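Notes for the one structure printed next.
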Amino acid sequence: MRRVLLARFGEVHLKGSNRPYFLRTLVDNVRKAVEDIGGHVWMAESRIYVSNASDMDECAERVRKVFGIYSVSPAIEMEKDLDAICRQAAEMMKGMRGSFKVICKRSDKKFPLNSQELAAKVGEAILEVNDKLVVDVHDPEIRMKVDIRDHAYLCNTETMAVGGLPMGTSGRAMLLLSGGIDSPVAGYQIMRRGVHVQSIHFASPPYTSERAKEKVLALAKKVGEYEYGMRVHMVPFTKIQMEIHEKCEDGLGTVIMRRAMMRIADRIAKENNCLALITGESIGQVASQTMEALACTDAVATMPVFRPLIGMDKLAIIRIAEEIDTYETSILPYEDCCTVFTPRHPVTKPKIDKVEKEEKRLDLETLIEEAVQNTEILFLKD
Ligand code: ATP
Ligand code: MG
1 MRRVLLARFG EVHLKGSNRP YFLRTLVDNV RKAVEDIGGH VWMAESRIYV SNASDMDECA
61 ERVRKVFGIY SVSPAIEMEK DLDAICRQAA EMMKGMRGSF KVICKRSDKK FPLNSQELAA
121 KVGEAILEVN DKLVVDVHDP EIRMKVDIRD HAYLCNTETM AVGGLPMGTS GRAMLLLSGG
181 IDSPVAGYQI MRRGVHVQSI HFASPPYTSE RAKEKVLALA KKVGEYEYGM RVHMVPFTKI
241 QMEIHEKCED GLGTVIMRRA MMRIADRIAK ENNCLALITG ESIGQVASQT MEALACTDAV
301 ATMPVFRPLI GMDKLAIIRI AEEIDTYETS ILPYEDCCTV FTPRHPVTKP KIDKVEKEEK
361 RLDLETLIEE AVQNTEILFL KD
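Next comes the structure, spelled out in structure tokens:
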């Protein structure tokens, strides 16, 4: 008898002929998540199992964060002996209160009792040792599950995992990562769909501080936990911002700056085989996020720009930021390059021809080339 972790996967069921590839990737990713704590991972009959980890609670927490995993249950793996199973189930339900149901599945048809008979026996054994429990077959608080497979597997809790699709099954994208609340959440949402994410950040020293940079790197590291590391491209953006500030109409400064960001991100993304850009924008949140402004920024991208938060309210975004533990870092009060040169009266409905005309005052090609050449690449891992 030993402790194992049982992990269920969700949507991967739906993937038709790609299914074997998705499953292989999923199992590999679970393996990567637990290898340094000695976890032994295998798949059998549409479940993933982990045994032998030095810390099984830590193991559960890590597997819960593997995209594609739907839920996890700490379980007991044991011999298929009726008395031993009843004893073990009773032991697991000791000290519990409320309503319960025993749910048995028998994929080993050689086991002498069928599922109903086994459930009845196990239920009796539980009630014998615990009179604080009552049976409720319709809406029980506790589900005691007994699976008869190569061994018997018993569990009575199930924790929801992150869901989504296995990391790496959907290609790669470039996240425009600021120090704010939204972009880490946007990155997370896209990663959940199996997309590898790299980050790009625009810094404007000395207007933005070293601490602001460290904050962004901390966020990249945190989001990178779902990737087992994160590549970050740090773009020096001061000169471009100064030029925009000096030469272009003040009210259009923000949209012109965002277009410069897009152009640079687009180029670096292409060089890194990314298929899309990701931002944390949502409609109407600030002046640069009206539909008119978004259209102006999109116009310079050559690849799709995904904005997973586009229809979300700030509060819902904050909730996810708290879940993925980026919120506390995001609200640290260091300045972002966007805030340094914010126009006093930003144009909220910029017209593209006006924007293009203003941009002609800049030698964008040279400025962008210089920024790209001086971009620093970091790899962050916990
Ligand atoms: P966030 O909370 O993500 O900073 P925000 O609500 O503050 O977003 P903006 O500052 O207008 O909105 O930025 C919109 C999006 O543009 C960000 O979500 C991010 O994807 C990108 N972005 C903004 N500033 C930077 C930066 N300095 N480096 C990289 N990307 C940036
Ligand atoms: Mg911001």
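Take the sequence shown: its letters are residues 1 to 382, numbered as in our numbering. Every residue gets a Cβ at the ideal spot worked out from N, C-alpha and C, and that includes glycine. Remember, it's a predicted structure, so these values are computed and weren't measured experimentally.
Limits of the beta strand (DSSP E) - the one that PRO236 falls within: Element bounds for PRO236: 230–236.
Return yes when the Cβ of THR297 is within less than 7 Å of the Cβ of MET242, no when it is not. no
Between the C-alpha atoms of GLU322 and GLU117, what's the straight-line distance to the nearest angstrom? The alpha-carbon atoms of GLU322 and GLU117 are separated by roughly 45 Å.
In angstroms, rounded to a whole number, what distance separates the CA positions of ASN273 and ARG87? Our two residues, ASN273 and ARG87, have alpha carbons roughly 56 Å apart in a direct line.
Return yes when the C-beta of PHE306 is under 6 Å from any heavy atom of the ligand ATP, and no when it is not. no
Measure the C-alpha to C-alpha separation of LYS381 and THR348 and round it to an integer number of angstroms. 39 Å
GLY163 CB to nearest heavy atom of the ligand ATP below 6 Å: no
Using a Cβ-Cβ cutoff of less than 7 Å, which residues in the same chain neighbour ALA371 once the five nearest sequence positions on both sides are dropped? If we look at ALA371 and ignore the five residues flanking it on each side, its Cβ neighbours are VAL235, PRO236, PHE237, ILE240 and ILE264.
In its own chain, which residues sit with a C-beta less than 6 Å from the C-beta of ALA7, not counting the 5 before and 5 after it? ILE48, VAL63, ILE69 and VAL72
Going by the CB atoms, is the gap between ASN156 and MET92 shorter than 7 Å? yes
Label LEU332 either buried or exposed according to how many other C-beta atoms from any shown protein chain fall within 10 Å of its C-beta, with 16 as the threshold for buried. Sixteen is the threshold: since fewer than 16 other Cβ atoms of the shown chains lie within 10 Å of the Cβ of LEU332, the residue is exposed.
Quick one: grab the DSSP three-state call for ILE320. Helix, per DSSP.
By a C-beta neighbour count over all protein chains shown, 10 Å radius and 16 as the cutoff for buried, is GLY29 buried or exposed? Inspection of the sequence shows that residue 29 is occupied by Asn rather than by Gly. Classification of ASN29: buried, given that the 10 Å Cβ count is 16 or more.
Tell me which same chain residues have a C-beta within less than 7 Å of the C-beta of SER183, skipping the five on either side of it? LEU175, LEU176, LEU177, THR279 and GLY280
Name the one or two DSSP bridge partners that GLU77 has. ARG2 and TYR153
C-alpha gap between GLY163 and ASP147, whole angstroms: 23 Å
Can you list the alpha helix (DSSP H) stretches of 4 or more residues lying completely in the region 321–372, in chain order? 327–330, 337–340 and 352–359
Return the residue from the list GLN289, ASP336, VAL102 and ARG106 that minimises the CA-CA distance to GLY311. GLN289
In angstroms, rounded to a whole number, what distance separates the CA positions of TYR153 and LYS94? 18 Å
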